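Quick note on numbering: the working numbering labels position 102 of the sequence shown as 102, and the sequence is numbered without any gaps. Every residue gets a Cβ at the ideal spot worked out from N, C-alpha and C, and that includes glycine. Just so we're clear, the structure is a prediction, and the values are computed from it rather than from any experiment.
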Amino acid sequence: MVTAELLFHRDIYTPMGPLKGFKIIEIAGIGPGQFAGMLLADMGASVVRIERPVPEEPVFVAHARFNLMNRSRPLVGVDLKSPRGVQLVLDLCTDADAIFEGFRPGVMERLGLGPEVCMGRNPKIVYGRMSGWGQQGPLAKTIGHDANFIALSGVYAAIGEKGGKPVYPLNLVGDMGGGGAFLVIGMLSALLEATKSGRGQVVDAAMIDGAASQMSSIWGFRAADAWKDERGSNILDGGAPFYTAYRTKDRLYIAVAPIENRFYRNLLHVLGLDDIDPASQHDQSHWDEVRRRLQAVFATRTRDEWCEILDGTETCCTPILNMSEVTSHPHNIARKTFISIDGITQPAPAPRFSRTVSEVSNAAGPVRSDLYRVLKDWGASNAVLAKLPKEDQQ
């Protein structure tokens with residue numbers, strides 16, 4: 001078994017993860033559900049990922065070892081359109097603490113694996129549902145992807161330069177943040193509640209809801225007349241000259257973010273711009289001129305030269321690093337933010353725990369053929385294992 005280097009010393013902390021002992025069934029999907037499975041498994045839950053037959057249009061075409069969000073848990077192939085496959089999942093539900101899926105509403109019910117059926121086998125099971133539009137509403141059964149979900153949540157329209165088109169923020173806000181992370185939050189909350197009530201429940205995690213939730217502070221600014229709908233016109237959308245990126249002499253970039261006035265004062269002083277009144281920081285009538293002044297100054301030196309000058313000045317400035325640079329930054333090295341598994345660099349488990357340390361228990365890989373061993377290690381009961389076809393009981 002290939003394991004990541006632990007974030008804490010092995011002789012002091014026990015590598016187990018805070019979710020050790022919880023058994024979870026993951027009905028395979030891509031993107032947000034897959035991310036949720038990785039988070040749960042990295043935190044120590046015993047997760048088995050039920051893979052369907054290979055789709056006609058596979059999204060991830062590289063070798064399975066590069067599909068990093070499949071790490072820390074085994075993959076087994078099960079035909080959910082066959083009675084035998086459905087029966088296996090229902091049998092596993094009797095031993096599981098939770099199950100989650102990422103289909104459009106109604107698909108699991110048509111397969112015979114809807115919440116009512118699974119909870120009939122185990123009333124305490126938590127049933128997670130990951131979708132873009134949610135289980136109800138006019139668009140519930142409409143196809144879509146991250147860009148579509150954040151488009152209707154208000155996120156997409158808010159990102160971009162003034163006068164420019166909306167900028168897509170990778171698939172982080174809808175798929176990973178509003179989707180996978182919110183699904184994990186909901187499932188863990190339901191699992192906590194089930195320890196008191198003895199009853200499971202359905203968690204409806206919709207990416208449009210999660211993306212909208214992440215905009216809560218912006219809605220507060222807007223209600224206080226402190227936010228404009230026009231992109232690039234506000235403090236946190238690049239509109240403010242003290243919260244944006246500046247190009248340096250070598251055509252790289254510095255992130256500048258001294259929102260607090262004392263840090264803004266420090267920046268102006270370090271840049272030799274003492275003629276700019278820091279008291280007028282939030283006067284938008286000055287923003288265009290201040291931006292031009294800052295652009296001109298930052299263009300006089302390279303990014304690394306500015307990093308050396310700004311280091312320790314409390315100006316909230318950092319280099320904007322690309323993916324090939326972040327792994328060698330001293331802070332990321334010190335925290336072991338990135339790890340290497342089977343020669344593949346990837347982010348380490350997050351968040352961190354002082355005692356029940358998370359770890360990558362195994363590298364991403366292909367579907368396993370040893371179904372009996374996988375389910376036994378997962379925690380399936382002898383009664384469930386005995387029902388497996390004899391060819392799988394090897």
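Please return the same chain residues whose Cβ sits closer than 8 Å to the Cβ of LEU80, not counting the five positions on each side in sequence. Taking the sequence shown and counting its residues from 1, one reaches residue 80 at position 80. The answer, listed in chain order, is ILE27, ILE50, ARG52, VAL86, VAL89, LEU111, LEU113.
For the alpha helix (DSSP H) containing VAL395, list its first residue and its last residue. In the structure displayed, the chain extends from 1 to 394; residue 395 sits before or after that span and is not available.
Identify the continuous beta strand (DSSP E) that holds LEU75 and give its terminal residues. Position 75 of the sequence shown holds residue 75. Counted as a single uninterrupted DSSP element, the beta strand (DSSP E) harbouring LEU75 occupies residues 75-77.
Nearest-angstrom Cα distance between ARG265 and LEU310? For the purposes of this step, residue 265 is taken as the residue at position 265 of the sequence shown. For the purposes of this step, residue 310 is taken as the residue at position 310 of the sequence shown. Approximately 13 Å between the Cα atoms of the pair.
Report yes if the CB atom of ALA255 is closer than 8 Å to the CB atom of ALA240, and no otherwise. What you label residue 255 is simply residue 255 of the sequence shown in a count that begins at 1. What you label residue 240 is simply residue 240 of the sequence shown in a count that begins at 1. No, the pair does not count as a contact, with Cβ atoms beyond the cut-off.
Just to confirm my understanding: we take PRO258, look at its own chain, exclude 5 residues before and 5 after, and list those with CB closer than 6 Å. What are they? Start at 1 with the first residue of the sequence shown, and residue 258 comes out as number 258. Taking PRO258 as the centre and dropping the five residues before and after it, the same chain places the C-beta of PHE242, TYR264, LEU267, THR315, CYS316 closer than 6 Å to its C-beta, in chain order.
So GLY102 and VAL367 are supposed to be a Cβ contact under 8 Å. How far apart are they, rounded? As a first step, residue 102 must be located in the sequence shown, where it is residue number 102. As a first step, residue 367 must be located in the sequence shown, where it is residue number 367. With a contact defined as Cβ atoms closer than 8 Å, GLY102 and VAL367 miss out at about 18 Å.
Exposed or buried, which one is GLY21 when buried takes at least 16 other CB atoms within 10 Å? Counted from its first residue, the sequence shown places residue 21 at position 21. Result: exposed.
Name the residue from GLU359, GLY132, ARG355, ASP342 whose alpha carbon lies nearest to the alpha carbon of PRO349. Residue mapping note: residue 349 aligns to position 349 of the sequence shown, counting from 1. Minimum Cα distance to PRO349 is reached at GLU359.
Do you know whose CA, among PRO347, GLY343, ILE320, lies nearest ILE333's CA? Here residue 333 refers to the residue found at position 333 of the sequence shown. Closest option to ILE333, judged by alpha-carbon separation, among PRO347, GLY343, ILE320: PRO347.
SER131: which of ILE125, LEU139, LYS124 sits nearest, CA to CA? Here residue 131 is taken as the residue at index 131 of the sequence shown, counted from 1. Checking every option, the nearest Cα to that of SER131 belongs to LEU139.
Reduced DSSP category for GLN201 - H, G, I as helix; E, B as strand; rest coil: In the sequence shown, counting from the first residue as 1, residue 201 sits at position 201. Coil, per DSSP.
One or two residues paired with GLY128 in a DSSP bridge: As a first step, residue 128 is located in the sequence shown; it is residue number 128 there, counting from the start. Answer by DSSP bridge pairing, in chain order: PHE100, VAL203.
Answer with buried or exposed for ILE344, where buried requires no fewer than 16 other C-beta atoms within 10 angstroms of its C-beta. Counting from 1 along the sequence shown, the entry for residue 344 is found at position 344. Classification of ILE344: exposed, given that the 10 Å Cβ count is below 16.
Take the Cβ of ILE143 as the centre, count every other Cβ of all protein chains shown within 10 Å, and call the residue buried at 16 or more, exposed below. By one-based count along the sequence shown, residue 143 stands at place 143. Exposed, since its Cβ has fewer than 16 Cβ neighbours within 10 Å.
Let me make sure I understand the geometry here. Which of VAL167, ARG199, SER324, ARG222 has the alpha-carbon closest to that of ASN122? What you label residue 122 is simply residue 122 of the sequence shown in a count that begins at 1. Selected option, being the one with the closest Cα: ARG199.
Using a 10 Å radius around the Cβ and a threshold of 16 neighbouring Cβ atoms, would you call MET187 buried or exposed? Position 187 of the sequence shown, counted from the start, is the residue given in the question as residue 187. MET187 is buried by the Cβ-count criterion.
Starting from LYS23 and walking both ways along the beta strand (DSSP E), at which residues does that stretch end? As a position in the sequence shown, residue 23 is number 23, starting the count at 1. From DSSP, the beta strand (DSSP E) with LYS23 extends over 23-27.
Hey, ASP97 and LYS23: beta-carbon distance below 8 Å or not? As a working mapping, residue 97 is identified with position 97 in the sequence shown. As a working mapping, residue 23 is identified with position 23 in the sequence shown. In this structure, LYS23 lies closer than 8 Å to ASP97 by Cβ.
Would you give the residue range spanned by the beta strand (DSSP E) that GLU51 belongs to? In the sequence shown, counting from the first residue as 1, residue 51 sits at position 51. Looking at the DSSP string, the run of the beta strand (DSSP E) that includes GLU51 is 46-51.
Candidates ILE218, ALA206, ALA363, GLY137: which alpha carbon is nearest ASN234's? Reading the sequence shown from its first residue, position 234 is the one you call residue 234. Minimum Cα distance to ASN234 is reached at ILE218.
Using the C-alpha atoms, what's the distance from ARG291 back to ARG104? One-based indexing of the sequence shown puts residue 104 at position 104. One-based indexing of the sequence shown puts residue 291 at position 291. If I take the Cα positions, the gap works out to 46 Å.
Report the residue from HIS331, LEU152, ARG73 whose alpha carbon sits nearest the alpha carbon of ALA36. As a working note, residue 36 is residue 36 in the sequence shown. The residue with the shortest Cα to Cα distance from ALA36 is ARG73.
Look up LEU375 in the DSSP assignment and say whether it is helix, strand or coil. Looking up residue 375 in the sequence shown gives position 375. If DSSP states are grouped into helix, strand and coil, LEU375 belongs with the helices.
Taking its Cβ as the centre, do 16 or more other Cβ atoms sit within 10 Å of LEU75, making it buried, or is it exposed? For the purposes of this step, residue 75 is taken as residue 75 along the sequence shown, with counting starting at 1. When all chains shown are included, LEU75 counts as buried.
So for PRO319, helix, strand or coil by DSSP? Locating residue 319 in the sequence shown gives position 319, where the first residue counts as 1. PRO319: strand per DSSP, three-state reduction.
Nearest-angstrom Cα separation, counted from GLY177 out to ALA380: Taking the sequence shown and counting its residues from 1, one reaches residue 380 at position 380. Taking the sequence shown and counting its residues from 1, one reaches residue 177 at position 177. The alpha-carbon atoms of ALA380 and GLY177 are separated by roughly 31 Å.
Considering only C-alpha positions, which residue in the set CYS307, GLY17, ARG71, GLN34 is nearest to ALA364? On the sequence shown, residue 364 is found 364 positions in, with the first residue counted as 1. The shortest C-alpha separation from ALA364 is found at ARG71.
Hey, VAL203 and ARG84 are a contact pair by Cβ (cut 8 Å); roughly how many whole angstroms apart? Indexing the sequence shown from 1 puts residue 203 at position 203. Indexing the sequence shown from 1 puts residue 84 at position 84. Going by Cβ atoms, the distance from VAL203 to ARG84 rounds to 28 Å, so no, they are not a contact pair.
May I ask you to report which of helix, strand or coil DSSP gives ALA383? Reading the sequence shown from its first residue, position 383 is the one you call residue 383. Residue state, collapsed to three classes: helix.
Same chain only: Cβ atoms within 7 Å of ALA91, ignoring 5 sequence neighbours per side: In the sequence shown, counting from the first residue as 1, residue 91 sits at position 91. Per the sequence shown, the amino acid found at residue 91 is Asp instead of Ala. Result list for ASP91: VAL384, LYS387, in chain order.
The beta strand (DSSP E) spanning ARG368 covers which residue range? Within the sequence shown, residue 368 is the residue found at index 368, counting from 1. No beta strand (DSSP E) contains ARG368, which DSSP labels as neither H nor E.
Environment of ALA181 [buried if 16+ CB atoms lie within 10 Å]: The residue labelled residue 181 in the question sits at position 181 within the sequence shown. Label assigned to ALA181: buried.
So the candidates are PRO169, LEU191, SER153, GLY17; which of them puts its Cα closest to the Cα of TYR127? Locating residue 127 in the sequence shown gives position 127, where the first residue counts as 1. Selected option, being the one with the closest Cα: LEU191.
Output the distance between the C-alpha atoms of GLN214 and ALA279, rounded to the nearest integer angstrom. As a first step, residue 214 must be located in the sequence shown, where it is residue number 214. As a first step, residue 279 must be located in the sequence shown, where it is residue number 279. Looking at the two C-alpha atoms, the distance is approximately 31 Å.
In angstroms, rounded to a whole number, what distance separates the CA positions of GLY160 and LEU236? To locate residue 160, count along the sequence shown from 1; it is residue 160. To locate residue 236, count along the sequence shown from 1; it is residue 236. LEU236 has its alpha-carbon roughly 11 Å from the corresponding atom of GLY160.
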